[in-house]
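For the sequence shown, UniProt numbering begins at 1 and goes up steadily by one.
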Amino acid sequence: MSFLRKAEKVDDDPQFEKRTTTLGFIFNNAEIMVSLEHSSCSSGSIPENVALLNSHLLAAVSGGHEYARKFYLAYLQTKCRQHEGATGARASAAEASRWLADFLSYYRYSDDGLSLGTLIAGWDDKSGPALYKVSAKGKLSEEPFLGSGCAMSRHSMIT
């Protein structure tokens with residue numbers, strides 16, 4: 001009977017745990033990206049919030065819901081494959097970032113109250129290393145040092 005009482009209780013304001021952290025920076029003409037999915041830290045496997053988009057492009061998503069992270073990474077992988085098939089050239093970090101920014105701003109993911117940050121790092125033969133961040137609202141940032149997720153991790157990297 002106690003189980004039924006617990007199941008009947010409805011939480012009007014569910015709290016989601018955002019347990020992913022992603023940091024990226026450009027150093028000596030190369031990108032370095034660190035991504036943690038805290039639930040899988042002890043398993044020693046590659047975190048599920050990271051995806052190789054092509055041979056020169058990596059994306060990592062922090063925050064949000066697990067299914068949303070997987071969906072956005074799969075979306076980017078598909079767009080990159082379509083681009084390479086249509087043009088014969090690899091997609092750049094700038095292109096992949098714009099695709100995701102447009103997608104997120106159109107579907108208004110941030111209206112769900114979940115924060116989300118995606119880092120896309122890549123190497124382009126024309127421009128060299130590139131690092132972009134796309135927010136849940138579709139805002140695009142390009143800087144030599146970016147982070148998403150746990151603010152404490154960003155602070156300890158800076159100091």
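Where is the CB? At the ideal position from N, CA and C, for every residue including glycine.
Notebook entry, point to check: Would Lys139 be called buried (16 or more neighbouring beta carbons within 10 Å of its own) or exposed?
Noted result: To locate residue 139, count along the sequence shown from 1; it is residue 139. Label assigned to Lys139: exposed.
Margin query: Do Ala51 and residue 161 have their beta-carbon atoms positioned less than 8 Å apart in this structure?
Written below: This structure cannot speak to residue 161, because the chain is shown only from 1 to 159.
Item checked: Per-residue burial, Ala86 [other beta carbons within 10 Å of its own, 16 or more giving buried] -> Start at 1 with the first residue of the sequence shown, and residue 86 comes out as number 86. Exposed, by the Cβ-count rule.
Notebook entry, point to check: Who pairs with Lys137 in a beta bridge, going by DSSP?
Noted result: By 1-based counting over the sequence shown, the position of residue 137 is 137. Per DSSP, none; premise fails for Lys137.
Next item on the list: Quick one: give me the first and last residue of the alpha helix (DSSP H) that Ser105 is part of.
Entry: Within the sequence shown, numbered from 1, the residue matching residue 105 stands at position 105. 93-107 is the extent of the alpha helix (DSSP H) around Ser105.
Next item on the list: Let me know the secondary structure DSSP gives Leu89 once reduced to three states.
Entry: Position 89 of the sequence shown, counting from 1, holds the residue named residue 89. According to the sequence as given, residue 89 is Ala; it is not Leu. Reduced to three states, the DSSP call for Ala89 is coil.
Next item on the list: Return helix, strand or coil for Glu66, following the three-state DSSP convention.
Entry: Against the sequence shown, residue 66 aligns to sequence position 66. Residue state, collapsed to three classes: helix.
Notebook entry, point to check: In this structure, does DSSP put Glu142 in helix, strand or coil?
Noted result: On the sequence shown, residue 142 is found 142 positions in, with the first residue counted as 1. Residue state, collapsed to three classes: strand.
Margin query: Could you compute how far the alpha carbon of residue 160 sits from the alpha carbon of Ser127?
Written below: Any property of residue 160 remains undetermined from this structure, which presents the chain solely from 1 to 159.
Notebook entry, point to check: Do you know how far the Cα of Asp124 is from the Cα of Leu116?
Noted result: As a first step, residue 116 is located in the sequence shown; it is residue number 116 there, counting from the start. As a first step, residue 124 is located in the sequence shown; it is residue number 124 there, counting from the start. One C-alpha to the other measures close to 25 Å.
Note to self: I need the straight-line Cα distance from Val134 to Asn29, nearest angstrom please.
What the structure shows: The sequence position of residue 134 within the sequence shown is 134, counting from 1. The sequence position of residue 29 within the sequence shown is 29, counting from 1. Cα to Cα, the separation comes out at about 22 Å.
Notebook entry, point to check: Pick from Ala89, His83, Gly88: whose alpha carbon is nearest that of Trp99?
Noted result: Position 99 of the sequence shown, counting from 1, holds the residue named residue 99. Of Ala89, His83, Gly88, the residue nearest in Cα terms is His83.
Next item on the list: Quick one: residues in its chain with C-beta nearer than 7 Å to the C-beta of Phe103, no 5 flanking neighbours on either side, listed in chain order?
Entry: Indexing the sequence shown from 1 puts residue 103 at position 103. For Phe103, where only same-chain residues beyond five positions count, the Cβ hits under 7 Å are Tyr75.
Next item on the list: Classify His155 as helix, strand or coil using the three-state DSSP reduction.
Entry: Looking up residue 155 in the sequence shown gives position 155. Low local confidence applies: a pLDDT of 49 at His155 is under 50, so the model's placement there is unreliable, with the coordinate-based value given in what follows. Looking at His155 - three-state DSSP - the assignment turns out to be helix.
Margin query: By the DSSP assignment, the beta strand (DSSP E) with Asn54 in it spans what residues?
Written below: On the sequence shown, residue 54 is found 54 positions in, with the first residue counted as 1. Here the beta strand (DSSP E) through Asn54 covers 50-54.
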